[in-house]
Structure formats: structure tokens, C-alpha cells
Amino acid sequence: MFKSLLKQLFFVLRIAIAWGALVLLLTALYSSVPWLREFEAPMLIFAFGTMALVIAGAFSHLHRVRLIAGRTDGDALSNRQRRQVEIPLEAGEAFDLLDAAIRELPGIQQVQSTRDSLQVKAKVARPHAWGEHPLQRWNPLRWFGQPRNQLLATVTPGEDSGRVTLVCEPENPTWSDLFLVDDGSNYENAEAILRAITRRIGERRRNERADVAQTSAQKELTEAKLQLLHAQVEPHFLYNTLASAQLLVRSDPDRAEAMLGHLIQYLRRSLPNADDEMSTLGAELERALAYLEILAIRMGDRLDVQIDVPEALRSTPLPAMMLQTLVENAIKHGLEPRTGGGVVWLRARRDGDGIAITVADNGEGFTGKTSGSGIGLKNVRERLRLRYGFDANLSVIANFPSGVAATITVPATATTERANHV
1 MFKSLLKQLF FVLRIAIAWG ALVLLLTALY SSVPWLREFE APMLIFAFGT
51 MALVIAGAFS HLHRVRLIAG RTDGDALSNR QRRQVEIPLE AGEAFDLLDA
101 AIRELPGIQQ VQSTRDSLQV KAKVARPHAW GEHPLQRWNP LRWFGQPRNQ
151 LLATVTPGED SGRVTLVCEP ENPTWSDLFL VDDGSNYENA EAILRAITRR
201 IGERRRNERA DVAQTSAQKE LTEAKLQLLH AQVEPHFLYN TLASAQLLVR
251 SDPDRAEAML GHLIQYLRRS LPNADDEMST LGAELERALA YLEILAIRMG
301 DRLDVQIDVP EALRSTPLPA MMLQTLVENA IKHGLEPRTG GGVVWLRARR
351 DGDGIAITVA DNGEGFTGKT SGSGIGLKNV RERLRLRYGF DANLSVIANF
401 PSGVAATITV PATATTERAN HV
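Using the numbering used here, read the sequence shown as starting at 1 and increasing by one per residue.
Spelled out as C-alpha cells, the structure:
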């Protein structure tokens with residue numbers, strides 16, 4: 001408290017001494033003119049009046065700085081304010097944020113923004129701190145100087161951030177600080193810009209958290225749909241299989257028994273696993289083969305299945321039902337419409353840092369009804385995006401000489417790497 005009072009007293013004395021020296025100089029010049037020596041009273045009134053107004057203006061400045069800053073130390077009382085702040089953004093983004101914060105400052109004028117040099121210059125109209133009082137023009141602290149402030153802001157690039165250096169000062173030269181005060185306006189401008197930067201960073205972080213939460217919610221929703229799909233067996237397929245088995249019981253019991261065995265295997269693989277939302281290529285291949293074996297009994301010689309999946313790749317993690325979707329597409333849109341049926345190929349291979357899993361057929365190929373952009377394929381692409389980001393993809397191309405080849409590429413995992421060395 002005592003130190004604060006000393007600083008305030010020193011500030012008032014500094015202003016008073018500077019103005020006192022100026023008034024004494026003017027008084028000496030006045031007295032040096034012989035014919036003016038007879039009119040000393042007006043000069044004395046001017047000198048004492050000026051000093052009284054100067055001291056009153058200095059205390060007024062102290063009071064306003066205390067209101068704005070809550071303290072009256074040397075930094076707060078200074079007409080020229082300097083701030084440094086670290087913005088946790090790339091330098092270009094930090095500059096854009098700084099530029100927007102400066103342009104929101106009340107009274108901002110003549111903004112010069114140069115993005116290449118990461119620098120912003122501007123003028124700021126100085127507010128009337130105590131209103132438009134008629135005696136303001138008699139305040140010696142306003143007799144000369146510009147009624148504006150100026151600011152200079154520079155962004156220094158860092159590794160993952162931008163350091164902002166902000167200078168807020170009067171438009172007058174530095175020597176004028178001996179005689180003039182800014183009523184705390186530059187302190188107010190500097191703090192306002194820092195608050196705007198902090199608010200914008202906070203808003204950006206909240207938006208990022210909201211985006212992450214939304215993405216997480218979408219992923220959870222997709223996984224919930226996946227679990228439902230995992231537990232779901234297509235009713236028509238189940239009914240048709242049971243009906244076929246019922247007919248075969250009388251005419252060909254062995255084939256009926258084989259069909260029911262494959263159906264049991266298919267249903268076992270279709271039950272959801274609460275412990276692990278991911279499946280493996282081997283488990284999905286068993287489900288697909290059970291499905292194809294059932295169809296082979298129903299379709300007879302019209303369906304041929306060829307498998308080329310190395311044992312080392314069967315431990316590759318794969319979202320459940322994804323391979324099944326491609327197999328069902330090959331049957332429904334490729335082979336079933338053809339009278340003569342055809343072949344379904346299931347293949348897997350290493351492709352650089354990924355594993356490529358292909359389901360191909362020699363069926364109808366792309367037609368007006370099947371163009372490779374159906375709902376099932378869109379779901380596969382969306383699930384791959386949510387699960388792997390840009391590290392996985394689905395490509396659907398025409399097979400030669402006929403049919404379609406759909407390939408899922410997923411990242412190779414440590415499990416797969418170990419399996420390849422066994």
C-alpha cells in the first residue's frame with residue numbers, strides 16, 4: 001500500500017515538475033519583454049491556473065487507471081503498453097485470429113494488415129474518458145498532441161504456435177509523455193485485445209471439442225448399427241434356406257443335413273460379440289463361406305466359389321459384416337440375375353502397408369440398376385472412414401471380361417505382421 005502511494009506521488013510530481021519547468025520558461029520569456037513587465041498579474045494567474053489544472057488532471061488519470069486496472073503501479077500508469085501472448089496455433093492461423101480481434105476494437109481506424117509479414121498496424125480513436133465537459137478544452141494535458149492512439153501487433157512464428165507482440169501507445173512522440181496522459185486508454189486497448197484473443201481461442205477449442213464429440217457420437221451410432229446388423233439375419237434368406245432344407249429332407253436328406261449345418265455355422269458367426277466390436281478376416285470368411293455353401297446347395301452347378309486367402313492374413317482385424325456385404329452384392333446383383341450363374345472369388349493379399357481384400361464375380365457387371373454406389377457400399381465406405389480415417393478405402397471396379405470386383409484395403413496391424421513371420 002505504501003509503495004503504491006509513493007508511485008502515485010512520484011507520478012504526480014513528475015507531471016508537475018515537467019509542466020512547472022515549462023511554465024517557468026514561459027514566464028521567463030514573458031518577463032524578458034520590457035513592455036510586458038507591467039502586466040505580471042495575468043501571467044501569474046496563468047501559471048498558477050495551469051499548474052492547478054495539471055495536478056488535477058494527473059489525479060484524474062490516476063483515478064481512471066485504478067478503475068480500469070485495479071492498480072496504479074508503473075506499468076498500469078504508463079501511456080505506452082506492451083504485451084506478449086503465445087497463441088497455440090500455426091503462425092498464419094494466429095495472425096488471422098489476431099487481426100479479427102483487433103478489428104473488433106471500439107474506435108478502430110485505418111487498419112493495415114499484411115499477412116506475409118504477419119503484422120497489423122492501426123489507429124484507435126481515443127474515447128472521452130469523462131464525457132464532453134465544457135472545461136475539457138482548458139485542461140493543459142490536452143493542449144497539444146493527437147487525440148488518437150495507435151497500435152502495432154506482430155506475430156513471430158514458432159514450431160506449433162505464434163507469439164504475438166502487441167504495442168499500444170499514443171500517436172504523439174515519446175517526449176510528450178512528460179506532459180500528457182492517455183487516461184488509461186492504451187492499457188484499456190491492450191487488455192481488450194488480449195481478452196478478444198482469449199475468447200476466440202476458447203471458442204475455437206469449444207468448437208473442436210464439439211466436433212470431436214459429434215464425430216464420437218456418429219461413430220458410436222454407427223457401431224450401434226453395426227452391432228444390430230451383426231445380430232440380424234436377413235429374413236428372406238433364413239426363410240428360403242429353411243424352406244429348401246424342408247424340401248430336401250424328403251428327397252435328399254444328406255444335402256438337407258449339410259444345408260442345416262452351414263446355416264448353423266452362419267448363424268453362429270452372425271451373433272454379436274459383446275466383448276469385441278471388431279471381427280477378423282478369418283471369422284468373416286467363415287461366415288461368408290457358410291452363406292455361399294448354402295447358396296451352392298440351392299443353386300447347384302450355377303455357383304462356383306474360389307478362395308485365395310493366405311492363412312497368415314486371416315488374423316487381420318476387420319469390421320464385422322463388411323465382407324458379407326460385398327459377397328451378398330456379388331450374388332444378388334451379379335450372379336442371381338444370370339441364368340447360367342457364375343463364379344465368386346474371395347482373395348486377400350498384402351498391398352504395401354495394407355491388406356487388400358477382394359470379392360469379385362463374373363456376373364452382370366455395372367448396369368443401370370447397379371453402378372457401384374448403392375446403400376450397402378456407401379455404408380461400407382462410411383464405416384471404413386469412421387474406423388480408419390484416410391488409412392482405409394473401398395474401390396469398386398469392373399471385372400474383366402465381365403462382372404465387378406470390390407476391394408477393401410485396411411491397414412496392416414502388428415498381429416498381421418507377426419503372423420507373416422510364423
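All C-beta atoms in this analysis are idealised placements derived from N, C-alpha and C, irrespective of residue type, glycine included.
Would you tell me roughly how many angstroms separate the C-alpha atoms of residue i and residue j, rounded to the nearest one?
| i | j | result |
| --- | --- | --- |
| Val23 | Ala47 | 6 Å |
| Val422 | Leu313 | Here Val422 scores only 38 on pLDDT, less than 50, and its place in the model should not be relied on; the value that follows carries that caveat. Each residue's Cα considered, the two are about 11 Å apart. |
| Asp99 | Val164 | 11 Å |
| Leu263 | Thr358 | 24 Å |
| His230 | Ala94 | Only weak support is given to the placement of His230: the predicted model assigns it a pLDDT of 48, under 50, and the question is left unresolved by the model. |
| Val327 | Arg204 | 44 Å |
| Arg255 | Gly261 | 10 Å |
| Asp73 | Ala91 | 33 Å |
| Glu293 | Glu286 | 10 Å |
| Ser113 | Leu6 | 41 Å |
| Ile307 | Ala283 | 14 Å |
| Asp252 | Ala412 | 45 Å |
| Ile331 | Ala392 | 24 Å |
| Ile463 | Gly403 | Outside the modelled stretch of the chain, which goes from 1 to 422, sits residue 463, for which no answer is possible. |
| Leu53 | Asn207 | 52 Å |
| Glu159 | Val12 | 45 Å |
| Leu135 | Thr198 | Confidence in Leu135 is poor, its pLDDT being 49 and thus under 50, which makes the residue's placement too unreliable to answer from. |
| Arg71 | Leu384 | 58 Å |
| Asp177 | Lys3 | 22 Å |
| Ala16 | Arg148 | 23 Å |
| Thr409 | Arg209 | 30 Å |
| Ser78 | Gly184 | 8 Å |
| Trp345 | Gly202 | 54 Å |
| Arg115 | Leu67 | 36 Å |
| Val233 | Leu194 | Its pLDDT being 49, under 50, Val233 is placed unreliably in this model, and the coordinates cannot settle the point. |
| Ala442 | Leu152 | Beyond the ends of the chain as shown, which are 1 and 422, falls residue 442; an answer cannot be given. |
| Leu289 | Gly340 | 21 Å |
How is residue i classed by DSSP in three states: helix, strand or coil?
| i | result |
| --- | --- |
| Asp182 | coil |
| Asp252 | coil |
| Ile304 | A small fix is needed here, since residue 304 is Asp in this sequence, not Ile. It is a strand residue. |
| Leu194 | helix |
| Ser176 | helix |
| Met321 | coil |
| Val309 | coil |
| Glu104 | coil |
| Thr114 | strand |
| Asp160 | coil |
| Asn329 | helix |
| Glu293 | helix |
| Leu135 | Low confidence applies to Leu135: its pLDDT is 49, below 50, so where it sits in the model is not reliable enough to give any reading. |
| Asn399 | coil |
| Ser279 | strand |
| Thr497 | The structure shown does not extend to residue 497, since the chain is modelled only from 1 through 422, so no value can be given for it. |
| Ala94 | helix |
| Val233 | Low local confidence applies: a pLDDT of 49 at Val233 is under 50, so the model's placement there is unreliable, with the coordinate-based value given in what follows. Looking at Val233 - three-state DSSP - the assignment turns out to be coil, as it is neither helix nor strand. |
| Leu89 | coil |
| Gly342 | strand |
| Asp99 | helix |
| Asp353 | coil |
| Glu169 | strand |
| Ala478 | Past the edges of the chain, shown from 1 to 422, lies residue 478, and the structure says nothing about it. |
| Asn189 | helix |
| Ala392 | coil |
| Asn362 | coil |
| Arg347 | strand |
| Arg298 | helix |
Using C-beta distances below 7 Å, list every residue in its chain close to residue i, excluding the 5 sequence neighbours before and after it, in chain order.
| i | result |
| --- | --- |
| Ala196 | Ala101, Glu104 |
| Gln110 | Ala122, Lys123 |
| Ala296 | Leu303, Val305 |
| Arg387 | Pro319 |
| Arg338 | Gly363, Glu364 |
Note down, in chain order, each residue of its chain lying with its Cβ closer than 6 Å to the Cβ of residue i, except the 5 sequence neighbours on either side.
| i | result |
| --- | --- |
| Leu97 | Arg200 |
| Leu9 | none |
| Thr156 | Arg163 |
| Asp182 | Asn79, Pro170 |
At the 8 Å Cβ level, is residue i part of the contact set with chain B, yes or no?
| i | result |
| --- | --- |
| Pro317 | Chain labels in this structure do not include chain B; a single protein chain is all it has. |
Within its chain, find whatever has a CB closer than 8 Å to the CB of residue i; leave out the 5 residues flanking it on each side and keep chain order.
| i | result |
| --- | --- |
| Thr280 | Arg314, Ser315, Thr316, Pro317, Leu318 |
| Val380 | Met322, Thr325, Leu326, Leu394, Ile408 |
| Asp351 | Thr409 |
| Pro401 | Asn362 |
Kindly give me the distance between the Cβ atoms of residue i and residue j, rounded to whole angstroms, as I take these residues to be in contact under 8 Å.
| i | j | result |
| --- | --- | --- |
| Gln81 | Asn186 | 5 Å |
| Phe179 | Ala18 | 5 Å |
| Leu62 | Ser161 | The pair is not a contact, with the Cβ atoms about 37 Å apart (cut-off 8 Å). |
| Ala405 | Ala356 | Not really, about 11 Å apart at Cβ, beyond 8 Å. |
| Gly342 | Asn362 | 5 Å |
Legend entry - Complete alpha helix (DSSP H) runs within the stretch 5-78 (minimum length 4 residues, chain order): 40-69, 74-77
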